Amino acid sequence: MSRSATSDLLIRNVRDARGGLVDILCVDGRIRTIGAAVAETSHCAKFDGCGELALPGLVEAHTHLGYSMLGLPWWRNEVGPRLIDKIENERHEIRRLGIDPRLQARRQIIHCAELGSTHVRGHVAIDTDVGLWAVEGVLAARAETLGIANVQIVAFPQSGLLTRPGTLELMDRALAAGADVVGGLDPAGIDRDPKGHVDAIFALAQKHGKPIDIHLHETAELGAFSAELIIERTRTLGMHGKVTISHAFFLGMTDLGYADRLAADLAEANISIMTTGPSGRPCPDVKKLRAMGVVVCSGSDGVRDMWSPYASGDMLERAMLVGLRNNFRRDDEIAEAFEVCTQGGAAALGCSGYGLREGCVADIVLVSAETLAEAVVAHPKRALVVKAGRVIARDGRLAEDALAPQP
Ligand SMILES: [Zn+2]
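The opening position of the sequence shown corresponds to residue 1324 in our numbering, with each subsequent residue numbered one higher.
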């Protein structure tokens, strides 16, 4: 196959979600036509899909950028059990090992793109020790990888916000410098000032006109209380559709008698829930939340980092893990887990023009599978990844010209 950066792209002979064989014509970065025997345009690169299944670009809606150990020697994890142990360990080890956030974020963004994630939301640590060092590195990595994935940067108060005076000002500067989302972290459990924390992050979001994505590990009534504060501020400030609660373990605690009422309030305020489908922690009920109208998305969380060695960064594999954790067995249930890792993420991240339909941005992934359910269960190598009409990876490897400057 030959192509240039300016050519149209015709992918012939791919399987759609209903099992039929179609061609997909991409023009000016968008899907122009999906159908049988589509006519090629005059400047058209061609690719034979060989009957592989076509998927929309995958959406990595929650990872951490800058501190991954991808590409580095195995790091032996001997971290203590508390959240604060993990926070302090990482802050210490990143310095000791001389981790370069720009290089590690670049590696991770490329890794995500090779796995078909065309949209990535990455939380980047800000604290009064490292200042904006990690954010500046990840901003540079994003600039170096433009064109292979849309990367949103969350200004994330990894070590607490109000407990470490000066952090709020650093977040303010990070947003002015190009961060896209206001992060937050356990208003009660870490900051021990739930109202103060929630007030601070919403004020920052209002000042910069940015969305919010808050880590909420707090369980049971404590987590529910923090969520109620978030729901109340979202409604009062009219930030419907601009707030994500990540993890939300409290929603998975069946002895919390008012989880359904909270879910209804989340749906009404259009607050998204991000779940990794965690093992060993309470997991929000994906099917119930979606049935109640809550947007549910998913992410890898840390990929090969000092918090956990397990996540591969593969959002098809993540769909499998979400399905496993939710006891999904039927094909239509597994398709729900897939939607969490695609449309759900796109809705939570506010991606415009997303989808495998005519007129949408041409973010397309081909895999060797008969059906969506097989793609999730087997999560085979990505045969082709197309970002905005450009081939950026083949057979799981970045294309040679994928990072070349675009005209
Ligand atoms: Zn996280």
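Yeah, the Cβ is synthetic: ideal placement off N, Cα and C, and Gly gets one too.
A quick note: this is a predicted structure, and the numbers were derived from the prediction, not measured.
DSSP puts residue i in a beta bridge; with which residues?
i                  : result
glutamate 1383     : Val1443
alanine 1751       : Here the chain covers residues 1324 to 1730 and nothing more, so residue 1751 does not appear.
leucine 1721       : Ala1716
arginine 1335      : Asp1371
cysteine 1620      : Met1597
lysine 1710        : Arg1713
asparagine 1473    : His1442
phenylalanine 1479 : Ala1448
leucine 1484       : According to DSSP, leucine 1484 bridges with nothing at all.
serine 1635        : Paired residues: none, contrary to the question.
alanine 1377       : Leu1689
leucine 1508       : His1538
glycine 1358       : Asp1346
arginine 1353      : Val1350, Val1684
serine 1569        : His1538, Met1597
Rounded C-beta distance between residue i and residue j? I'm assuming under 8 Å.
i              : j               : result
alanine 1572   : arginine 1604   : A small fix is needed here, since residue 1572 is phenylalanine in this sequence, not alanine. About 5 Å; that satisfies the 8 Å criterion.
aspartate 1628 : serine 1391     : 5 Å
valine 1692    : leucine 1376    : The sequence given here has alanine at residue 1692, not valine. Alanine 1692 to leucine 1376, Cβ: 5 Å. Contact.
leucine 1406   : isoleucine 1513 : 7 Å
arginine 1643  : valine 1382     : With the sequence shown as reference, residue 1643 is identified as methionine, and arginine is not the correct amino acid for it. Not confirmed; about 16 Å, so no contact.
valine 1645    : threonine 1598  : 7 Å
alanine 1716   : alanine 1526    : That pair is no contact at about 41 Å.
Rounded to the nearest angstrom, what separates residue i and residue j at their Cα positions?
i                  : j                  : result
aspartate 1503     : alanine 1478       : 8 Å
alanine 1586       : alanine 1550       : 10 Å
histidine 1570     : phenylalanine 1370 : 40 Å
glycine 1460       : alanine 1500       : 12 Å
glycine 1575       : aspartate 1608     : 6 Å
serine 1675        : alanine 1669       : 8 Å
isoleucine 1417    : valine 1626        : 15 Å
leucine 1672       : asparagine 1593    : 12 Å
isoleucine 1657    : arginine 1487      : 42 Å
aspartate 1578     : histidine 1540     : 17 Å
alanine 1706       : leucine 1721       : 11 Å
serine 1482        : glycine 1389       : 15 Å
arginine 1444      : leucine 1508       : 16 Å
glycine 1546       : threonine 1665     : 27 Å
valine 1458        : threonine 1386     : 14 Å
leucine 1485       : valine 1521        : 10 Å
leucine 1689       : aspartate 1516     : 47 Å
phenylalanine 1548 : glutamate 1697     : 40 Å
arginine 1353      : glycine 1470       : 14 Å
alanine 1315       : alanine 1368       : Summary: the structure shown does not reach residue 1315, with the chain confined to residues 1324 through 1730, and so no result is reported for it.
lysine 1518        : arginine 1429      : 36 Å
glycine 1342       : threonine 1557     : 42 Å
leucine 1348       : cysteine 1620      : 29 Å
glutamine 1427     : leucine 1393       : 7 Å
valine 1699        : glycine 1636       : 14 Å
glutamate 1413     : tryptophan 1630    : 8 Å
isoleucine 1410    : alanine 1448       : 10 Å
glutamate 1640     : alanine 1701       : 8 Å
isoleucine 1432    : alanine 1725       : 12 Å
glycine 1667       : valine 1618        : 6 Å
arginine 1648      : glycine 1600       : 6 Å
aspartate 1423     : aspartate 1331     : 37 Å
threonine 1451     : alanine 1497       : 13 Å
alanine 1523       : leucine 1491       : 8 Å
valine 1361        : arginine 1652      : 36 Å
For residue i, is the beta carbon positioned less than 7 Å from some heavy atom of ligand 1?
i              : result
histidine 1540 : no
histidine 1446 : yes
serine 1635    : no
aspartate 1509 : no
serine 1440    : no
aspartate 1624 : yes
histidine 1520 : no
histidine 1531 : no
serine 1569    : yes
histidine 1415 : no
histidine 1563 : no
histidine 1702 : no
histidine 1366 : no
histidine 1385 : yes
Would you call residue i buried or exposed, if buried means 16 or more other Cβ atoms sit within 10 Å of its Cβ?
i               : result
proline 1480    : buried
arginine 1420   : Checking the sequence, you will find leucine at residue 1420 rather than arginine. Exposed, since its Cβ has fewer than 16 Cβ neighbours within 10 Å.
arginine 1680   : exposed
proline 1404    : exposed
cysteine 1373   : exposed
tryptophan 1397 : exposed
lysine 1581     : For clarity, residue 1581 is tyrosine in the given sequence; the question names lysine instead. Exposed is the call here.
threonine 1559  : exposed
aspartate 1624  : buried
alanine 1616    : Reading off the sequence shown, one finds glycine at residue 1616, where the question assumed alanine. Glycine 1616 is exposed by the Cβ-count criterion.
leucine 1462    : buried
arginine 1465   : buried
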